[in-house]
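In this note's numbering, the protein residues as written are -16 to 206. Structure first, then comments.
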Amino acid sequence: MRHVSHHLFLLAAAATAWLPLPLHAQGSDSGSAELPPILPVGREIALARSAAPAEISAKATVLVLVRGKGYEVAEEGSNGVTCLVTRSWPEAIEPYCLDAEASRSILQVELRKAELKEKGWRRDAIQVDIAEGFRTGRLAPPSRLAMTWMMSADQVLFNDAGERVGAWKPHVMIFYPYLSEADVGLDGEPPENGPMVVDPGRPTSNVILVMPSFVQPDFGKGG
-16 MRHVSHHLFL LAAAATAWLP LPLHAQGSDS GSAELPPILP VGREIALARS
34 AAPAEISAKA TVLVLVRGKG YEVAEEGSNG VTCLVTRSWP EAIEPYCLDA
84 EASRSILQVE LRKAELKEKG WRRDAIQVDI AEGFRTGRLA PPSRLAMTWM
134 MSADQVLFND AGERVGAWKP HVMIFYPYLS EADVGLDGEP PENGPMVVDP
184 GRPTSNVILV MPSFVQPDFG KGG
């Protein structure tokens, strides 16, 4: 069991873990970045909000991907949560919501990666930049436990080889910097439904917990 790319996303039998993000035809990690398609704004907003239950996502700030720039605010929120659709590979659809602390820390990794992809950076160069960002303090791990959600029924995930896995399971991620599998009592293959430790020993380490049901996207507004 290993990683599914962007932050942040372990697949059970078929795939492995990330970091990220995901969350395609991009080829090897050393290849040049192939840009993901731009979705209609209304659809991207609905997908982003479907990452978490409506009680959380309805008052969240929503970011959308803008060609040549990266992510920009589409709708301002009031509860400190940020929702967006990340793309570890060009055809990935990774609806993702982050609480206030994750927005302050983990989200900045995703935004930096998206910015560099839009500039045509290679995947390996992006990973070097992210590592350097943590080393220099330009990027920071969470200062407390941080919560993120990936519960959308419309998630489309890819593994590290760029192979489409599709929807896995609705899950949340609890970020705890430098956490190891041993810290949560894991020794060997994790249980199918978790807990699973992603990025063990890194600033972005997190525990995945499977949730009982998906959130269904609402495409009723926007196009």
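No residue lacks a Cβ here, since even glycine has one placed at the ideal position from N, Cα and C. Bear in mind the structure is a predicted one, so any value in this text is a computation, not a measurement.
On the three-state DSSP scale, how would you describe residue i?
i	result
Ser196	coil
Gly25	helix
Ser40	helix
Leu128	coil
Leu48	strand
Thr65	strand
Leu122	coil
Gly53	strand
Compute the beta-carbon to beta-carbon distance between residue i and residue j, rounded to the nearest angstrom, for a pair I have assumed lies under 8 angstroms.
i	j	result
Gly53	Leu94	6 angstroms
Glu77	Met133	7 angstroms
Thr65	Ala43	6 angstroms
Leu99	Ile109	5 angstroms
Cys80	Ile39	7 angstroms
Between the Cα of residue i and those of the options, spot the shortest distance and give me the residue it belongs to.
i	options	result
Asp137	Val111, Leu128, Val68 and Asp143	Val68
Leu22	Arg127, Val47, Tyr79 and Asp166	Val47
Leu128	Val190, Pro19 and Asp170	Val190
Ala34	Leu169, Pro73, Pro183 and Met130	Met130
Met194	Ser163, His154 and Asp182	His154
Tyr159	Val180, Trp151 and Leu140	Val180
Phe141	Ser71, Glu17, Leu99 and Tyr79	Ser71
Ser196	Leu162, Pro183, Trp151 and Asp182	Trp151
Ala97	Arg50, Leu81 and Glu146	Arg50
Ala144	Glu58, Pro36, Glu38 and Ala75	Ala75
Ile157	Ser126, Glu146 and Glu27	Ser126
Taking 6 angstroms as the limit between beta carbons, can you name the residues of its chain near residue i, skipping five residues before and five after?
i	result
Gln199	Ala136
Pro186	Phe117, Pro124 and Pro160
Gly63	Ala83
Pro19	Arg70 and Pro73
Gly60	Lys42, Ala43 and Thr44
Pro183	Ser163 and Glu164
Count the other C-beta atoms from every protein chain shown that fall within 10 angstroms of the C-beta of residue i, then say buried if there are 16 or more, exposed otherwise.
i	result
Arg121	exposed
Ser188	buried
Ala31	buried
Ala85	buried
Using a Cβ-Cβ cutoff of less than 8 angstroms, which residues in the same chain neighbour residue i once the five nearest sequence positions on both sides are dropped?
i	result
Asp170	Glu164
Between residue i and the rest of its own chain, which residues show a CB-CB distance below 7 angstroms, the 5 nearest in sequence each way excluded?
i	result
Val56	Thr44 and Leu46
Gln91	Leu122
Lys102	none
Val235	This structure leaves residue 235 out entirely; the chain is present only between -16 and 206.
What I want to know is whether the C-beta of residue i ends up closer than 8 angstroms to one or more non-hydrogen atoms of the ligand ADP.
i	result
Ala85	For the ligand ADP, the structure offers nothing, since it holds no ligand at all.
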